[in-house]
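Under the working numbering, the first residue of the sequence shown carries the number 379, and numbering increases by one thereafter. Cβ atoms here follow ideal geometry from the backbone N, Cα and C, with glycine treated the same way.
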Amino acid sequence: MGVAPEVSVIVPIRNGERTLARCLASLARQTHPSYEVIAVDNASTDTTPEIIRRFAAADPRIRYAYEPRRTRGAARNRGIDETGGRIIAMTDADCIVPTDWLVTLTAPITKGEERIVMGSQVTRQVSCWARITQEENDRHVARLRHGSHIGFFDSKSFAMDGTLMRGLRFDPRFRATEDFELFLRFKGRIPIRFVPEAPVEHLHRTTLAGLARESFEKGYWHMRSLLLHRRELGRSDPEIDRLSWDDIVGKPFKGLVRIGRRPWREHVYQAVTGLSWRCGAVAAIAGGRP
């Protein structure tokens, strides 16, 4: 058996044929001296398996793995089971990473300064809905950034000490926001270093219908996470506010007073994504399925 690589990069994929080749090509160009890429086919029905195998045949650092349970949490866990690296990093199939992404992202862990790090995301898309999504993400990061650390966790660009990641794992039931559920389990105990110099180029949804579906799913699984962990979080945790009917029902109406302060497209975006998210949240509270 050969020497294990320093870093294992996991990419979970479910029907990712449109973007996967660009993702894997960017990962194959990393300047890090010792890494592997584990591409996890999450029971895809398109050409995802063929794309992974083509890259694996050309580059021994890239490996194919298969996970039959169709959830993002299960796919990430399958990748974790395949890893050999001292550090585990992850990105998504709809992301492109710069050549120095892995070196920059993992540096604080390699130096022994941190156990969890998270990179940033950017987009080059010209779609107005994609640009607004990116602007919303930038505002979210600015609100939750505290110096060199940050108060949320996004699996599009992160790295973690391998022993810690293998111990935590993801909840295999979660089809979306599995990173948020994981974050709630270590929140307040382990800090997350924010590394904006390690961005991924992310492809956002470009239609209102796509944004509505994505927001509903996120709202459902976000609320499932809060319901699962509400006792550990305690009443004083700001996340618990999301369980209140004032936040779920009242907040959208409060947003009406801001009409005129932003371009009309931003109001349409907020109405569609906000309503969809809250419908998903209500479905989770009611015990329904997404």
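Check                                                                                                           : Outcome
CB of L562 within 8 Å of CB of S535, strictly                                                                   : no
F552 to E595 span [Cα, whole Å]                                                                                 : 10 Å
Distance cut-off 7 Å: E644 Cβ against heavy atoms of the ligand SAH                                             : In the structure on display, the ligand SAH does not appear, and there are no ligands present to speak of.
Spatial neighbours of L546 in its chain, beta-carbon cut-off 7 Å, leaving aside the 5 residues before and after : L560, R563 and F564
Candidates G540, P476 and E492, of which the one nearest A382 by Cα                                             : G540
Delimiting residues of the alpha helix (DSSP H) encompassing T436                                               : The displayed chain sequence assigns Ala, not Thr, to residue 436. That run of the alpha helix (DSSP H) goes T426 to A436.
Under the three-state DSSP convention, the category T488 falls into                                             : helix
Length-filtered (3 minimum) beta strand (DSSP E) runs lying within the stretch 480 to 542                       : 494 to 500 and 535 to 539
Local Cβ density within 10 Å of P577, reported as buried at 16 or more and exposed below that                   : buried
Beta-ladder partner(s) of D419, from DSSP                                                                       : I391 and Y444
Collapsed DSSP secondary structure at M379 in the structure displayed                                           : Any reading at M379 needs caution, since the residue's pLDDT is 45, under 50, leaving its predicted position unreliable; the model's value is listed next. DSSP places M379 in coil when its eight states are reduced to three.
At least 3 beta-carbon pairs within less than 8 Å: the stretch 572 to 591 vs the stretch 649 to 664             : yes
Buried/exposed call for P411, threshold 16 Cβ in 10 Å                                                           : exposed
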